[in-house]
Amino acid sequence: MELLSLKGVYQTFPIREKELVILDNINLFINEGKFVSMVGPSGSGKSTILRIIAGLLNPTSGEVICKGEKIKGINPYTSMVFQTFGLLPWLDVTENITIGLEARGMPIKERLRKAFKYIDLVGLEGFEEAYPRELSGGMKQRVGIARALVMEPDLLLMDEPFSSLDVFTAENLRSEIINLWMSGKLSVKSILLVTHNIEEAITLSDQVIILTSHPGRIIGNINIELERPRVRESVEFNNIYDKIYSMVIGSTVATKEVKPLQGT
Ligand code: ADP
Ligand code: MG
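Okay, here's the thing in structure tokens:
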């Protein structure tokens, strides 16, 4: 079943009195039950695509269809995890997690019941009343993830959620996310994760969409059928890595018209 589609999405932004094309004819489809990653270099429009899917930005042209509905304004079927967490410093963990439910008018008892469920799932027990300043980066991102999950979206959007964490914390949180996803305990139907880390994309996803920059365009869409947990040292993993890497690099070189290397 198709959960989301983007059809002919263009985005331009006025930059130095010119309308610059940032996204050039983006067409993508996400089916239910899929963990999808989008990889591309910095500036290729990954965050812009997520903002368009979430309905935070209205594209210059083209459309977003989610659960068969054309989305105008905020997309009620999605919620987002941000790279820099986006927590409110004056609210404690539970209040940060429940803020969206409160905005929906959910009674406090129900809000807390839901919050505690996700606090437990993401490993934040004991930190319910802590403030963001008292938390490490990894714990802050757990709050960011719980805040998105508690909304019980059909599509969870994640914008480089591990990029501002140290490598060990990122690795830990990545495997927890994939375990949660595989456990069937989440009500989310699909995940779209944006990253510039090819290894991360292959480790986590069923499908990898590859983006190039200037302007942002989709240049590849690969299904990853490797068994989980994925082994980075395996030949198959490395083959996929090389394929994606050369697509990204090839397109970057081509679009920037870098001079060919002189003979050695
Ligand atoms: P990514 O997330 O892949 O790094 P972004 O989606 O953040 O890329 O940005 C893509 C391009 O669009 C960048 O060149 C950025 O400067 C530009 N851009 C993004 N948002 C705006 C905006 N609101 N106004 C002008 N330019 C923007
Ligand atoms: Mg970005």
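For the sequence shown, our numbering assigns the number 10 to the initial residue and increments by one for each residue that follows. Backbone N, C-alpha and C define an ideal beta-carbon position, used for all residues, glycine too. The structure displayed is predicted, hence computed values, not measured ones.
Discussion item. Looking at the secondary structure, which residues open and close the alpha helix (DSSP H) in which Ser-275 lies?
Written reply: Residue coverage of the chain in this structure runs from 10 to 273, which leaves residue 275 outside it and unanswerable.
Worksheet item: Nearest to Met-89 by alpha carbon, out of Gly-147, Gly-153 and Leu-97?
Response: For the purposes of this step, residue 89 is taken as residue 80 along the sequence shown, with counting starting at 1. Answer by Cα proximity: Gly-153.
Worksheet item: With 16 as the cutoff for other CB atoms within 10 Å, does Ala-179 come out buried or exposed?
Response: Taking the first residue of the sequence shown as position 1, residue 179 is located at position 170. Its Cβ being crowded by 16 or more others within 10 Å, Ala-179 is buried.
Practice prompt. Excluding the 5 residues preceding and the 5 following Ser-70 in the sequence, name in chain order all residues of the same chain whose CB lies nearer than 6 Å to its CB.
Written response: Indexing the sequence shown from 1 puts residue 70 at position 61. Same-chain partners within the cutoff: Tyr-19.
Fill in: Expected contact under 8 Å - CB spacing of Leu-164 and Lys-126 to nearest Å
Numbered from its first residue, the sequence shown carries residue 164 at position 155. Numbered from its first residue, the sequence shown carries residue 126 at position 117. About 20 Å; that fails the 8 Å criterion.
Item to complete: Have a look at Ser-53 and Lys-118 and give me their C-alpha separation to the nearest angstrom.
Response: Translated into positions along the sequence shown, residue 53 becomes position 44. Translated into positions along the sequence shown, residue 118 becomes position 109. Approximately 43 Å between the Cα atoms of the pair.
Fill in: Arg-226 (DSSP reduced to helix, strand or coil)
Here the question's residue 226 lines up with position 217 in the sequence shown. Three-state result, Arg-226: strand.
Fill in: Contact test: Glu-209 Cβ vs the ligand MG heavy atom, cutoff 8 Å
As a first step, residue 209 is located in the sequence shown; it is residue number 200 there, counting from the start. Because no heavy atom of the ligand MG lies under 8 Å away, the Cβ of Glu-209 does not count as near it: no.
Worksheet item: Rounded to whole angstroms, how far is the Cβ of Ile-83 from the Cβ of Gly-64, which I believe are closer than 8 Å?
Response: For the purposes of this step, residue 83 is identified with residue 74 of the sequence shown, where counting begins at 1. For the purposes of this step, residue 64 is identified with residue 55 of the sequence shown, where counting begins at 1. The Cβ separation is near 4 Å, so the contact holds.
Practice prompt. On the DSSP bridge assignment, give the partners of Pro-23 in chain order.
Written response: The count along the sequence shown starts at 1 and reaches residue 23 at position 14. For Pro-23, which the question treats as bridged, DSSP gives the partners Glu-28.
Worksheet item: Between the segment 208-220 and the segment 43-53, do three or more beta carbon pairs fall short of 8 Å?
Response: yes
Worksheet item: Hey, how far is the Cα of Val-240 from the Cα of Ile-231?
Response: Counting from one through the sequence shown, the residue named residue 240 turns up at place 231. Counting from one through the sequence shown, the residue named residue 231 turns up at place 222. Roughly 18 Å between the two C-alpha positions.
Worksheet item: Taking the continuous alpha helix (DSSP H) assigned at Thr-221, which residues delimit it?
Response: Numbered from 1 along the sequence shown, position 212 holds the residue referred to as residue 221. It is not in any alpha helix (DSSP H) - Thr-221 instead sits in the beta strand (DSSP E) that spans 216-221.
Discussion item. What I want to know is whether the C-beta of Ile-141 ends up closer than 8 Å to one or more non-hydrogen atoms of the ligand ADP.
Written reply: Locating residue 141 in the sequence shown gives position 132, counting from the first residue. With the sequence shown as reference, residue 141 is identified as Pro, and Ile is not the correct amino acid for it. Every heavy atom of the ligand ADP is 8 Å or more from the Cβ of Pro-141, so no.
Worksheet entry | Through-space distance from Ser-214 to Asn-3, alpha-carbon basis | Absent from the model: residue 3. The displayed extent of the chain is 10 to 273, so no value can be given.
Discussion item. For the segment 219-226 against the segment 249-258, do three or more pairs of beta-carbon atoms, one drawn from each stretch, fall closer than 8 Å, so that the two count as touching?
Written reply: yes
Discussion item. I'd like the ranges of any beta strand (DSSP E) spanning at least 3 consecutive residues and lying wholly in the segment 120-179.
Written reply: 164-168
Practice prompt. Out of Ile-62, Ile-58 and Met-10, state which residue places its alpha-carbon closest to the alpha-carbon of Gly-42.
Written response: Position 33 of the sequence shown, counted from the start, is the residue given in the question as residue 42. Considering only alpha carbons, the answer is Met-10.
Worksheet item: Can you tell me where the alpha helix (DSSP H) with Gly-109 in it begins and where it stops?
Response: Working through the sequence shown from its first residue, we reach residue 109 at position 100. Segment 102-112, the alpha helix (DSSP H) holding Gly-109.
Fill in: Neighbouring residues (CB closer than 5 Å to any heavy atom of the ligand ADP)
Phe-22, Ile-31, Ser-51, Gly-52, Ser-53, Gly-54, Lys-55, Ser-56 and Thr-57
Worksheet entry | For Phe-22 and Leu-29, believed in contact at Cβ under 8 Å, the rounded distance | Numbered from 1 along the sequence shown, position 20 holds the residue referred to as residue 29. Numbered from 1 along the sequence shown, position 13 holds the residue referred to as residue 22. The pair is a contact, with the Cβ atoms about 6 Å apart (cut-off 8 Å).
Worksheet item: Looking at the structure shown, is Lys-81 part of a helix, part of a strand, or coil, going by DSSP?
Response: Against the sequence shown, residue 81 aligns to sequence position 72. Reduced to three states, the DSSP call for Lys-81 is coil.
Item to complete: Compute the Euclidean distance between the alpha carbons of Thr-107 and Leu-96, then round it to the nearest angstrom.
Response: On the sequence shown, position 98 is the one that residue 107 refers to. On the sequence shown, position 87 is the one that residue 96 refers to. Taking the straight line joining both Cα atoms gives about 12 Å.
Item to complete: Find the nearest neighbour of Thr-57 within the set Gln-150, Met-167, Tyr-86 and Glu-138, judged by alpha-carbon distance.
Response: Position 48 of the sequence shown, counted from the first residue, corresponds to residue 57. Closest option to Thr-57, Cα to Cα, is Met-167.
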